[in-house]
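Chains as they are written, first to last, in the numbering used here: chain A, 10 to 459; chain B, 10 to 459; chain C, 10 to 459.
What follows is the structure, given as structure tokens:
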């Protein structure tokens, strides 16, 4: 009978090494510096150094990078016994996904003469795609093995790139900040995966599916970093100049409005009127913002309304919808990504469609070329652009839900969910739990070796 | 008899929702994109994209944003049982204040044709004003309800904008980094509020007014982020070019010098010669810097002297002045903001006045136009500028102290200060304290319902 | 008989104050604004503001600054009882080192007319030098007094500047990211210091030389910040334009590849196949990257191969080499800096030498002037440049090892290593350990007073 640890010892290294070697070979065959990172190409043309895209985007890139590794990683440390898994698996699948995303996104919409060109914009895009995978990770948090997560990431990145290609390249959809491509896609993909992996006996791990005082503080680190850096996230790859500036501004005010709505709703819906930081219930602050419409002339006023509504639907989702999803639809959504990314993503997409349909030259002037190029050159009118936006939301939902169906694999037993001791060396001070772990190891072993 | 939780359940949501709706309406009526964030306006003029103010200021803005939400938020988590309140109330009042500050600052010095114009500079200014409110929060930390804090923020932001208008617009005072407008104002406003809210029986919560090992480490996250990003804070809205560069440089060296002074003083003043990180005593590292004079030609040498002195007076303040303030003047200053922001703010203002009075064309050259425009165009001489700076300090102190008088409201009972359980759901592992909480709930209820 | 606390109370303040006063005097005599931070000089020339080096480098500087104070500081908090020392001593020696480094680096390669010119580039260089000292700190972590650390920093910074001068100024070596000057130098210097300070009875503190659950999570904050910001670190002072861009890109992919290798190796080498985050064993993720070759046309493909190899040798070093170093060579390397910085630094240097030797005009074009100026102007050929790079590695190793020999001082007793209670006030909740501390105080006192 195979020992659990033995199987980890062989499988994880084999998977990591094979994946990385494949990545390296494909990078060797396909990836090239773009003209702004290539010594010869850049110096062949007449440029001032400050015109290099690096200076327009690198600070935003680093903010996005912090969101991916610190933001998502620590957001999920609220579980009392799954801090290593939250931060550590987040790290592993993010490091894999950003490489794989470079290839997939490059393949679908970045080929130049048979080569994938890379630079700061492709780095941001790779991090964006990774963000989508991490949203899905939130739905299955604590219930999956690292190998399952890598497998999920491989499929999800691929489908992400397909969906992104259809929306951005084929349809000409605008989606700054990725309401559809990132948030809606990641959330519904993850929800479908967690539905497929439904665990009828998850209540055996229920005592671990909660927080302790300091684990909530660690989670606040992640929450706040996500919240603070959404302006950078949304503006990172919008057009230079007023577009980046406006997107950051819209997001800034939208988030502030969302926060007041969230605090109010948190007090009104929790039992005895206290604010609720434990478990994931108010870890929702980071997410509600007018992503798609961020670069549009939505005005701070419009942005705040969207943020305000997003805050309300998020809390209502946690309170009323999540229990129904779990009991009726058998969707066990550990982090509540449906409330954090799913519904706000759909809201953002709808707002984007309406805002696009209302765009006029009177408001945008020559700036229309940056925001809606197809409208600016007269090939479609604004209402058509709005229709394209709405269609894009439907396509995204379809691909996400179908895509999530294809990821099914063996998993840890219901008794050992939300427990670092399964995959990580845990310090001695946590030894009692380790002892407890051993008692259930037989069960675990039987399941995994079957 | 009204239940405590009932009253939180109604009051906080009502306050949050009404405030946010008012904000949204006012934004709708008054706020517009400035020409650098407006699609039409920006494209109407001939610009290169890299000339957009976004690229000069956005990286600094994000550093400031981190200071406001992570820096101040985690700095105050040193209290063993008030981590949620520190980070969470910080979050709430900051999210409110930055919106309200946009309106107030815009009203007093940002109106263009009846509209408030917003862009990255107004975002930084709103964050600055928020910082001032958070300094005051430090003085009353653990002793106030979220509704009191929002009320305090509303008044303080308004008076901040008045003071800022008098100094910067009417008098032509220079105050990079806000020695006066931010630090002095916030500290003395908060000290007056905590004086008004004096609690004779606060020693009933004394056992909670201290740290545990890991709460001090959380506090170090906040401390270090504040320390690291002061160069960005001080340089965020100084003039482009050499001014931003010089301000960051001065601050960098000033902080380093301050740190060595602080460590030395910490060892020499603590009992048995150990360094003291517990409670707030050495959480003072972040703050001593030559704020006002930061953009002036103070030289690294001058900056280090100021930092060195600031470190010394801060520690001496904690050791000798804070106990006197509490026993004689009945000022219960939880975080010691008088030592962290009050005295160093005054020092920074005085240094700024002296440095301004000594400014010569020989040193500044044509750069005088950026630093002291009124001196450059000959309308006043340098010594007059110094006088204006000194006058500004007196005005700031006056407005802060008078302003702090007007904030008086009902508060938690003395037995329940520094305790998250009053306003937050606390994880089960902290249950013993929760039980203790229940035993005093009667007293609390009586007080709050009265 | 001298009391321990007495001796801390006098010595530390005296050392801090004298050092800082010396620094201030030397800054007053020697340091000047460079032409980009000086009001008169900058305005004397015709510039656009965006040409100021501040906008090319300041965002990277702040990322590096975060690595120095948060990254290194929290990386070392994994020790269960040495969190204050890790963060706090890191803070102290970094604040000293960056000032001293400004003087030493300025003296050796930044004098202009008898004055040291400072600006954002010198700030980054000072932080780099500080990073080297902090690497050495990792080797002696928990076993030294703050005064020893300051002494070590003083010598190490000086020798760092000498080595840097020989490499960069005399030999024309290229070392973006500092494979040699920072990582190799810091690691081998620290290893020599810890060898000299060998403690035969360190096993008396063995129970403290390990982590607890939350201390590992604090350490992950440091680890991830280091990991995320290496692209900024490596590109911070490379040439403007394509060079900075390319260096960040190379580092980004190298780190991702390293991470997968590390996870795989961690599972394969640990007992029972679990991932090992406790102690320092897998805190190695941050460090493996193609530093020296970062700015060269290494391609993402080449970068990933280097990262992959670095991840493998790091884990193998922890597993097989560290025990041998400790038992045979008496090198007690607390953080495993040999695996984290030593071997990867040497690897990076070798890769850099090979990549340099293979440089051709066909690949670099006019960009050769930025990367290899001596090759571009024909004064040497590429293979010679490769030879110079290899020679530089040997020189660095020699200076580091010899330099480390000179730092020998009195230290805490073997029974009190890895214990904050020796130098820091520790909150009451940790009182049992404090009691334990008292029982060994006699021994400690005897040793220190001797």
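Beta carbons are placed, not taken as given, at the ideal position from N, Cα and C, and that holds for glycine.
Quick caveat: nothing in here was measured; it's all calculated off a predicted structure.
Item, Value
"Residues that residue 276 (chain B) contacts on chain A, provided the C-beta gap is smaller than 9 Å", "Those do not exist, as residue 276 (chain B) stays about 29 Å from chain A at its closest Cβ, beyond 9 Å."
"Beta-ladder partner(s) of residue 120 (chain B), from DSSP", "B:125"
"Presumed contact (8 Å Cβ cut-off) between residue 190 (chain C) and residue 176 (chain C), rounded CB distance", "6 Å"
"Exposed unless 16 or more other CB atoms sit within 10 angstroms - verdict on residue 121 (chain C)", "exposed"
"Cβ-heavy atom distance, residue 255 (chain B) to the ligand COA, below 8 Å", "The model depicted lacks the ligand COA and carries no ligand whatsoever."
"Any beta strand (DSSP E) of 3 or more consecutive residues that is wholly inside the stretch 348-389 of chain B", "none"
"Interface residues of chain A facing residue 265 (chain C) [CB-CB closer than 7 Å]", "104, 107 and 108"
"Contacts of residue 59 (chain C) in chain B (Cβ-Cβ under 8 Å)", "59, 60, 64, 65 and 249"
"Length-filtered (4 minimum) alpha helix (DSSP H) runs lying within the stretch 16-96 of chain C", "48-53, 62-75 and 81-84"
"Beta-carbon contacts of residue 343 (chain C) that lie in its chain and below 6 Å, excluding the five residues immediately before and after", "150 and 151"
"Below-9 Å beta-carbon distance, residue 85 (chain A) vs any chain C residue", "no"
"Simplified DSSP assignment, three categories, for residue 285 (chain A)", "strand"
"Coarse secondary structure for residue 447 (chain B), derived from DSSP in three states", "Residue placement at residue 447 (chain B) cannot be trusted, given a pLDDT of 43 that sits under 50; what the coordinates show is reported in the next sentence. Note: residue 447 (chain B) maps to helix in three-state DSSP."
"Where residue 428 (chain B) falls: helix, strand or coil (DSSP)", "coil"
"Member of C:197, C:18, C:205 and C:231 whose CA lies at the smallest distance from the CA of residue 83 (chain A)", "C:231"
"Other residues of its chain near residue 139 (chain C): CB distance less than 7 Å, five sequence neighbours each side excluded", "77, 103, 106, 107 and 110"
"Backbone CA spacing between residue 207 (chain C) and residue 141 (chain C) [nearest angstrom]", "21 Å"
"DSSP-derived helix/strand/coil call for residue 109 (chain C)", "helix"
"At least three beta-carbon pairs within less than 8 Å, the stretch 250-266 of chain B to the stretch 51-58 of chain C", "yes"
"Same chain only: Cβ atoms within 7 Å of residue 163 (chain C), ignoring 5 sequence neighbours per side", "109"
"Chain-ordered chain A contacts of residue 37 (chain B) [CB-CB under 7 Å]", "310"
"Coarse secondary structure for residue 300 (chain C), derived from DSSP in three states", "coil"
"Inter-stretch contact at 8 Å, needing at least 3 Cβ pairs: the stretch 208-224 of chain A / the stretch 257-266 of chain A", "no"
"Straight-line gap, residue 280 (chain A) to residue 274 (chain A) (C-alpha atoms, nearest Å)", "12 Å"
"Neighbour flag for residue 313 (chain A) against chain C, beta carbons, 9 Å", "no"
"Continuous alpha helix (DSSP H) stretch holding residue 253 (chain C): start and end", "251-278"
"Exposure label - residue 216 (chain C); buried when at least 16 CB within 10 Å", "exposed"
"Listed by chain order, chain E residues near residue 254 (chain C) by CB distance under 7 Å", "Protein chains A, B and C are contained in the structure displayed, whereas chain E is not."
"Interface flag, residue 140 (chain C) vs chain B, CB-CB below 9 Å", "no"
"Short CB-CB distance (under 9 Å) between residue 212 (chain A) and chain B", "no"
"Three-pair Cβ contact test at 8 Å for the stretch 174-188 of chain A versus the stretch 302-315 of chain A", "yes"
"Local Cβ density within 10 Å of residue 203 (chain C), reported as buried at 16 or more and exposed below that", "buried"
"Residue from A:35, A:24, A:71 and A:118 whose Cα sits closest to the Cα of residue 156 (chain A)", "A:24"
"Local Cβ density within 10 Å of residue 69 (chain A), reported as buried at 16 or more and exposed below that", "buried"
"For residue 434 (chain A): DSSP bridge partner residues", "C:285"
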